[in-house]
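What follows is a short report on a single structure.
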Amino acid sequence: MEGRARLELMLTLIVVLLTFGVLYIAQGNMNSFYIRVLNLAAIYAILALSLNLILGFTGMFSLGHAGFMCIGSYVAAILTMSPASKEIIYFMEPIHPWLANVEWPIWPAILLGGIIAALFGFLIGFPALRLRDDYLAIATLGFAEIIRIVVTNVIPITNGALGLKNIPSVDSLLVYWGCAIITIFVLMRIINSSWGYAFKAIRDNEIAAQAMGINIFKHKLMSFTIGAFFAGIAGALMSFLITSIDPTMYRFTFTFQILLIVVLGGMGSLSGSVIAAVIFSIAMEVLRFVEQPMNLLGMEVPGIPGMRMVIFSLALLLIILFYRRGLMGTNEFNWSWVLNRLGIRSSHRVKRGEAN
Amino acid sequence: MLKIEDLQVFYGGIHALKGISLEVPENKIITLIGANGAGKSTTLRAICNQVPAASGKVYFQGEDITGKPTADIIKKGITLVPEGRRIFANLTVMENLQMGAYARKDKQGIHKDIQKVFELFPRLKEREWQVAGTLSGGEQQMLAIGRALMSRPRLLMMDEPSLGLAPLLVREVFRIIRDIHSDGMTILLIEQNATAALRIADYGYVLETGKITLQGPGWELAENEQVKKAYLGKA
């Protein structure tokens with residue numbers, strides 16, 4: 001390995017270790033509110049990353065993310081709840097006997113949440129990915145709503161509109177950010193593999209990609225399924241973070257929040273998605289004051305719930321008008337750029353001088 | 357090398373190809389000329405199975421490839437330079453070329469072929485790390501041709517490579533086509549620029565509303581009164 005590549009690998013390892021160190025210290029010293037906000041940021045990061053794979057890297061305008069998340073959420077919740085609390089919560093109709101006594105630890109439940117979401121992604125993608133652009137968006141949006149409505153109505157499994165309560169609570173930063181970091185690494189590997197190049201080729205030009213011998217449908221379906229898998233994982237984590245879920249949480253407005261993060265961070269940039277997810281979740285908390293009753297220029301303004309989303313919508317409008325590439329565009333954070341900035345030359349020719 | 361027998365294609369109710377038969381022998385440049393909507397591009401798309409053929413057969417090196425998946429046909433050694441260049445605008449020149457070799461696995465051979473493409477197009481070498489969308493039209497066309505060569509095709513199909521280029525660049529593109537051909541490549545060329553295409557072609561076919569109306573050696577077609585009137589603008 002050339003000196004510079006080794007240096008970059010070392011730096012990456014150091015940053016990862018440092019991140020875990022900081023998370024560990026934060027866990028012990030921060031109050032539970034801040035920890036919760038950071039955990040939410042990790043979930044948003046996973047969601048934005050997975051939507052970015054579908055939308056930013058493969059160019060498929062899918063709006064079904066809340067649906068996949070819903071599936072992951074319910075699978076993980078049903079698998080981990082204690083039999084006793086299941087008996088209390090399912091009072092409309094008793095739970096299906098197969099599920100009544102299941103009580104899994106959280107990790108396999110998270111994984112299965114992802115797998116089942118991926119399975120649905122595959123089944124939905126199979127017919128829907130023959131469409132493209134706006135039509136694909138409408139079809140996936142429809143499928144996501146179908147998922148939500150089915151979940152509302154299969155009462156013996158999901159407890160219907162009443163939702164689920166008493167899901168085991170997990171508040172460890174390491175769990176949420178650990179999942180986020182694994183997601184980042186897996187997606188980075190995919191993006192830089194020949195699959196990743198095929199995805200980007202499909203995004204840039206489908207006809208040319210086909211002329212290169214890329215099987216378009218197979219790669220689209222793969223990207224969609226992988227995206228759904230990570231959305232399912234994020235859904236499972238969401239269950240453990242807020243411990244009570246119901247189908248209305250996963251309405252399509254939720255998908256638009258994730259879309260907002262992806263656009264904000266830059267379509268086609270993993271680092272952008274993570275940065276934007278953190279900014280978004282912190283801003284959601286900081287901006288709570290705008291929903292309070294306040295005194296504007298001597299006028300009493302009553303508190304308006306939902307004002308925060310108005311501000312985000314305005315931000316989205318401004319980004320689309322003036323800064324369409326988002327925070328990072330299609331660039332990624334990379335070490336060569338940092339090292340070049342610091343004036344550390346590589347042993348031979350610098351291949352790419354800019355962050356690219 | 358490539359043989360088409362009575363190929364028919366429909367776009368919904370429109371009968372786009374009404375039974376076309378043509379042959380591309382090894383190491384020759386064959387050109388297909390015709391006006392807009394004559395079915396030139398459709399023929400290429402039908403060869404790659406990007407549009408399904410209603411009837412007829414396509415043989416490549418004696419093997420029936422009609423209805424095979426596009427990706428498989430490409431892997432057999434047919435490459436298409438699509439109309440309007442269609443480079444990957446957000447990838448660099450280098451990445452575009454690597455995408456051209458997508459179906460190949462031999463890393464060393466790929467590296468060697470990239471150098472070969474750079475020899476053929478020194479301009480691309482200068483722009484190696486530039487994002488392809490920022491190249492000029494002529495450079496993009498060169499990249500599209502270079503990218504097609506990266507798959508080491510046995511048959512190179514080009515859909516209007518001179519489209520939208522300045523006259524000087526058009527001449528350059530045709531010079532390149534001749535260069536590639538002299539390296540032993542078989543080429544099926546589709547053109548509206550009939551004069552230039554017929555000048556370099558060994559054999560030509562004239563397509564009119566989905567039918568082949570004329571065929572013959574390139575120079576002969578260029579002299580043909582009917583062709584002159586219809587395509588070359590000379591009365």
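Going down the list, the protein sequences come from chains A and B.
Under the working numbering, the first sequence is numbered contiguously, ending at residue 356.
Under the working numbering, the second sequence is numbered contiguously, ending at residue 591.
For each residue, glycine too, the CB sits at the ideal point set by N, CA and C.
- At a cut-off of 7 Å between beta-carbon atoms, A/ASN205 makes contact with chain B.
- A residue is called buried when at least 16 other Cβ atoms come within 10 angstroms of its Cβ; B/PHE477 meets this threshold and is buried.
- For A/GLU145, the enclosing alpha helix (DSSP H) has its first and last residue at 133 to 153.
- One finds TYR197, ALA201, MET212 in chain A with Cβ atoms closer than 7 Å to the Cβ of B/MET455, taken in chain order.
- Rounded to the nearest whole angstrom, the C-alpha separation of B/GLU419 and B/LEU363 is 16 Å.
- DSSP places A/SER271 in the helix class (H, G or I) of the three-state scheme.
- As computed with DSSP, A/LYS218 is found in no beta bridge at all.
- A/ALA198 sits away from B/PRO438, with the two beta carbons spaced by 7 Å or more.
- Going by beta carbons, A/SER85 and A/ILE245 fall outside the 7 Å limit.
- For the pair B/THR387 and B/GLY560, the CB atoms are nearer than the 7 Å cut-off.
- Per the coordinates, the alpha-carbon of B/GLY368 lies some 29 Å from the alpha-carbon of B/GLN571.
- Under the criterion of beta carbons closer than 8 Å, B/LEU521 and B/GLY494 qualify as touching, at roughly 6 Å.
- In this structure A/LEU136 touches A/ALA128 by the C-beta definition: roughly 6 Å separates them, less than 8 Å.
- Taking C-beta atoms as the reference points, A/ALA66 and A/THR255 count as a pair closer than 7 Å.
- Chain-ordered, the chain A residues with CB closer than 7 Å to the CB of B/ARG442 read ASN205, ILE207, ALA208.
- Look at A/ASN331 here: in three-state DSSP terms it is coil, with no helix or strand label.
- In this structure B/ILE434 does not touch B/LEU505 by the C-beta definition: roughly 13 Å separates them, more than the 8 Å allowed.
- In the DSSP annotation of this structure, the continuous segment of the alpha helix (DSSP H) that includes B/GLN471 starts and ends at 463 to 476.
- The DSSP-derived three-state label of B/ALA557 is coil.
- A straight-line Cα-Cα distance of about 52 Å links B/PHE366 and A/SER239.
- The shortest C-alpha to C-alpha distance from B/GLY423 to any of B/GLN417, B/ILE556, B/LYS413 is the one to B/LYS413.
- Listed in chain order, the non-local C-beta contacts of A/ILE311 below 7 Å within the same chain comprise LEU287, VAL290, local neighbours out to five positions each way being set aside.
- For the pair A/TRP98 and A/ILE258, the Cα-to-Cα distance works out to about 34 Å.
- Out of A/PRO305, A/VAL75, A/PRO94, the CA that lies nearest to the CA of A/PHE120 is found in A/VAL75.
- Cβ neighbours of A/ARG203 within its own chain (closer than 6 Å, five residues either side excluded): THR58, GLY59.
- Exposure of A/HIS96 is indicated by the presence of fewer than 16 other C-beta atoms within 10 angstroms of its C-beta.
- Minimum Cα-Cα distance from B/GLU382 among the listed residues B/VAL449, B/GLN417, B/GLY390 corresponds to B/GLN417.
- Among the residues facing chain A, B/THR398 is not included, as its CB has no counterpart in that chain under 7 Å away.
- Taking the Cα of A/LEU47 as reference, the smallest distance to any Cα among A/LEU123, A/THR253, A/ARG36, A/VAL262 is reached at A/VAL262.
- Inclusion of B/GLY395 and B/ALA372 in the CB contact set at 7 Å is warranted, their separation being smaller than that value.
- Contact note: A/THR330 reaches chain B through ASN446, using a C-beta cutoff of 8 Å and chain order.
- Between B/ILE546 and B/GLU576, the C-beta gap is not smaller than 7 Å, which leaves the two residues out of contact.
- DSSP, read as helix, strand or coil, puts B/THR565 in coil.
- Spanning the alpha carbons of B/LEU524 and B/ILE370 requires a straight line of approximately 37 Å.
- Around the beta carbon of A/MET294, fewer than 16 other beta carbons lie within 10 angstroms, which makes this residue exposed.
- Against B/LYS481, chain A offers no close residue; the least beta-carbon distance is about 14 Å (beta-carbon pairs closer than 9 Å).
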